[in-house]
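*Asks:* After the structure tokens below, expect a handful of questions from me.
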Amino acid sequence: MKEILEKRPFLVDALRLNIVNYSALSRMLHEEIGRGSPEAVKAAVLRVRDELARRKGLQEEKVIDLLRRTKVRLQDKIAVIISREELKIPYLFTAHLTDSHVYIVDQTELKDEDALGEDVEVTSNLVALILTSPPEVERTPGFVAFITQLLAGRNINILEFISCFTNTVIILDAKDALEAFSLLQRYFQPS
Numbered sequence: 011m012k013e014i015l016e017k018r019p020f021l022v023d024a025l026r027l028n029i030v031n032y033s034a035l036s037r038m039l040h041e042e043i044g045r046g047s048p049e050a051v052k053a054a055v056l057r058v059r060d061e062l063a064r065r066k067g068l069q070e071e072k073v074i075d076l077l078r079r080t081k082v083r084l085q086d087k088i089a090v091i092i093s094r095e096e097l098k099i100p101y102l103f104t105a106h107l108t109d110s111h112v113y114i115v116d117q118t119e120l121k122d123e124d125a126l127g128e129d130v131e132v133t134s135n136l137v138a139l140i141l142t143s144p145p146e147v148e149r150t151p152g153f154v155a156f157i158t159q160l161l162a163g164r165n166i167n168i169l170e171f172i173s174c175f176t177n178t179v180i181i182l183d184a185k186d187a188l189e190a191f192s193l194l195q196r197y198f199q200p201s
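Taking my numbering, I'd label the letters of the sequence shown as residues 11 to 201.
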């Protein structure tokens with residue numbers, strides 16, 4: 011039962027907050043499992059509820075503590091360039107993938123987009139949300155998930171995401187930047 015519930019983080023959250031109709035959840039899970047009775051499923055859900063909620067609560071506390079010690083800043087005039095070939099351009103961040111290269115650049119330093127070539131995709135007028143966290147971010151499960159869930163909960167789309175050592179860079183459409191910054195500022199120390 012624990013494995014089934016853990017596959018659905020939203021159910022664990024609902025169980026932790028005690029906002030679940032246990033009978034309805036048990037009927038739904040019973041249909042999925044296909045064995046035992048709904049009452050037995052309900053008993054199993056109630057047994058694992060406390061353990062899952064306690065474990066998630068402790069993990070969430072660690073993430074929130076880490077977030078409080080994270081600095082966040084916005085950088086505008088960002089462009090994302092995607093190319094099959096490696097480009098010799100100044101960049102802020104880059105990722106060399108199997109079939110392409112992704113560059114996050116300061117668009118004011120982009121002289122001539124046409125000179126980049128035909129098979130190059132350029133998206134301009136974006137904003138980078140740059141998070142600088144303490145080193146223990148690398149050993150704290152749930153940090154990235156917490157941030158992405160916060161943004162997704164407000165219907166904010168992440169265009170690009172790079173997380174490396176203590177830096178997390180989230181590229182957003184300019185229209186979403188202030189809302190995202192404001193949302194995260196509740197947890198982070200502004201830099």
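Glycine residues also receive a C-beta, built at the ideal position from the N, C-alpha and C atoms.
As the structure is a prediction and not an experimental result, all values here were calculated from the model.
Out of curiosity, what's the CA-to-CA distance linking R18 and R149?
*Replies:* The straight-line gap from Cα to Cα measures roughly 23 Å.
*Asks:* Quick one: complete beta strand (DSSP E) runs, 3+ long, within the stretch 105–156?
*Replies:* Taking only runs of at least 3 residues, the beta strand (DSSP E) segments lying wholly in the stretch 105–156 are 111–116 and 130–142.
*Asks:* Output the boundary residues of the alpha helix (DSSP H) element that contains K98.
*Replies:* It is not in any alpha helix (DSSP H) - K98 carries neither H nor E in the DSSP assignment.
*Asks:* Can you grab the Cα-Cα spacing for the pair N135 / I114, in whole Å?
*Replies:* Those two C-alpha atoms are separated by around 12 Å.
*Asks:* So is A89 buried or exposed if we call it buried at 16+ other beta carbons inside 10 Å?
*Replies:* Classification for A89: buried.
*Asks:* If we ignore side chains and look at the alpha-carbon of each, how far apart do M11 and K72 end up?
*Replies:* The alpha-carbon atoms of M11 and K72 are separated by roughly 26 Å.
*Asks:* Take A162 as the anchor and find which of E146, R83, P144 and A190 has the nearest alpha-carbon.
*Replies:* Looking at the Cα atoms, A190 is the closest of the given residues.
*Asks:* My understanding is that A187 touches V137, with C-beta atoms under 8 Å, so please give their C-beta distance in whole angstroms.
*Replies:* So it is a contact: roughly 4 Å between Cβ atoms.
*Asks:* Please report the straight-line C-alpha distance between D109 and R57, rounded to a whole angstrom.
*Replies:* Between D109 and R57, the C-alpha separation is close to 47 Å.
*Asks:* Do E146 and V132 count as a contact pair if the criterion is CB distance below 7 Å?
*Replies:* Going by C-beta atoms, V132 is not nearer than 7 Å to E146.
*Asks:* Taking the straight line between their C-alpha atoms, what separation do you get for D86 and D75?
*Replies:* If I take the Cα positions, the gap works out to 28 Å.
*Asks:* Measuring straight from C-alpha to C-alpha, what distance separates G127 and S36?
*Replies:* Answer to the nearest angstrom: the Cα atoms are 57 Å apart.
*Asks:* Can you name, in chain order, every residue of its own chain whose Cβ lies under 8 Å from the Cβ of P48, other than the five neighbours on each side?
*Replies:* Correct list, in chain order: S33, S36, R37 and H40.
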